[in-house]
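Have a look at the structure below, then the notes.
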Amino acid sequence: MDPLILSRIQFGANISFHILFPTITIALGWVLLFFKLRYNATNDSAWMRAYFTWVKVFALSFAMGVVSGVTMSFQFGTNWPGYMEKVGNIAGPLLAYEILTAFFLEAAFLGIMLFGFRRVSNRIHTLATVLVAGGTTVSAFWIIALNSWMQTPAGFEMRDGVAHAVDWWAIIFNPSMPYRLTHMLLASGLTVSFLIAGLSALRYLTGDRSESMWKALRTGVFTAAILIPIQIFAGDQHGLNTLEHQPQKIAAMEANWNTGPNVPLVLFALPDEAAKENKFEIAIPDGASLVLRHSTSGVVPGLNDYPGNHPPVFPVFWGFRIMVGTGILMLLVSWPAAFFL
């Protein structure tokens, strides 16, 4: 098999496994802080029991995220040495900033957060929770800055085939970074909300009627109900940003082959890259133009304008639809649940 394909499979498997854990820790740290602040305000021990239950999940996710993240960082050099030779002047400092500003902060206070409740004052324990939660978010900031720069690079110049920084502000806050960071933080919040709600519901089904279970369940459900409409809006804005800066990606997401107006929104199809057509297509007339251009006559880019320079259509097309379908399902589950709770 082609070494390039093998490298992609290895890196894809690693990063797909890794992202599960930061997605949990980013938002779970803030949920734990919410539990702790509610305990401080009410002196209700049920909030601390909920805290102690979920801090174990946080610790496990944090450890797994660190371990899988280390192997992933090694693969930047082992799998993509040519790429890193060209962009190392940008990627290296951004990764270093993440370690210096976020990882050390989390590592320094994680022990107090996990084991210090009865060993330090309540204020110090609360402060440790604040700093660990903040550290996870700062870590996400730097990683998303690097990932976004890889997608929409800015603030650099190429000299002798190597990228050199010209404007770090433009590098960090590149065109897609605010949208990707917002989308990621909201996705983390939704992941944790449904994780807490789902496991709390399982506890209910197995006979647990404790007050801490109810508090965790309500927290998860109400947080999800609040975040999902915001995420849908943020996703739409991110899509419009992608249309501006990466039109070939939008063309692949919509499986649209020819640039033009009145482009339908394809609900179901089997994209065929060889034939450059969609088989068994089910579509809403003018839908893609309306969503992407806010006009039924809006022009939407087509894949034929980017021969050999667009993502694989089938996985991108279906990955996007699975994501949208999951978001709609989250909305349909969280809002009725919030109403009945």
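Residue numbers for the sequence shown follow this note's numbering, so the first one is -9 and each next one is one higher.
For glycine and all other residues, C-beta sits at the position ideal for the given N, C-alpha and C.
- Boundaries of the alpha helix (DSSP H) around V120: N112 to Q141.
- Counting C-beta pairs with one atom in each stretch, the region 143 to 160 and the region 104 to 114 have fewer than three that are closer than 8 Å, which means they do not touch.
- One alpha carbon belongs to N299, the other to F99, and they sit about 46 Å apart.
- Contact between the region 170 to 178 and the region -5 to 6 is absent: fewer than three C-beta pairs spanning the two stretches fall below 8 Å.
- For N69, the closest of A17, T116, D(-8) and W37 by C-alpha to C-alpha distance is D(-8).
- Secondary structure at H154: strand, using DSSP grouped into helix, strand and coil.
- In this model, G292 and P251 are separated by some 10 Å (Cα to Cα).
- The way I'd put it, the region 181 to 199 does touch the region 207 to 227; three or more beta-carbon pairs between them come closer than 8 Å.
- Taking all protein chains in view, the Cβ of T316 is surrounded by fewer than 16 other Cβ atoms within 10 Å, so the residue is classified as exposed.
- Residues P254 and L255 of the same chain have their beta carbon placed closer than 7 Å to that of G277, with the five preceding and five following residues left out of the count.
- When the beta-carbon positions are compared, T209 and F329 stay at least 9 Å from each other.
- DSSP places I240 in the uninterrupted alpha helix (DSSP H) bounded by P237 to E244.
- By the C-beta criterion, the region 164 to 173 is judged to be in contact with the region 225 to 234, since at least 3 inter-stretch pairs fall below 8 Å.
- Residue range E267 to I274 is occupied by the beta strand (DSSP E) that includes K269, with no alpha helix (DSSP H) assigned at that position.
- For R149, DSSP records a beta bridge to V152.
- L255 is bridged by DSSP to I274.
- Residue environment: N294 is assigned as exposed (fewer than 16 neighbouring CB atoms within 10 Å of its CB, all protein chains considered).
- DSSP, read as helix, strand or coil, puts L319 in helix.
- Here D262 carries a strand assignment [DSSP, helix/strand/coil].
- Here G250 is bridged, per DSSP, to V290.
- For the region 55 to 116, the continuous alpha helix (DSSP H) assignments of 4+ residues that do not extend past its boundaries occur at 71 to 88 and 94 to 105, in sequence order.
- Looking at the backbone, the Cα of E244 and that of A130 are separated by about 28 Å.
- DSSP, reduced to helix, strand and coil, places D295 within a helical segment of the structure shown.
- One Cα belongs to A123, the other to I16, and the distance between them is close to 7 Å.
- Beta-carbon to beta-carbon, P237 and F307 are separated by about 15 Å, too far to satisfy the 8 Å threshold.
- By the CB criterion at 9 Å, W247 and K269 fall outside the cutoff.
- I240 and T232 do touch by the CB rule: their CB atoms are close to 6 Å apart, below 8 Å.
- When DSSP states are grouped into helix, strand and coil, P302 belongs to the coil group.
- DSSP places S200 outside both helix and strand once states are collapsed to three, so it counts as coil.
- Cβ neighbours of E201 within its own chain (closer than 7 Å, five residues either side excluded): A36.
- Scanning L10, R193 and L27 for the CA closest to the CA of T119 turns up L27.
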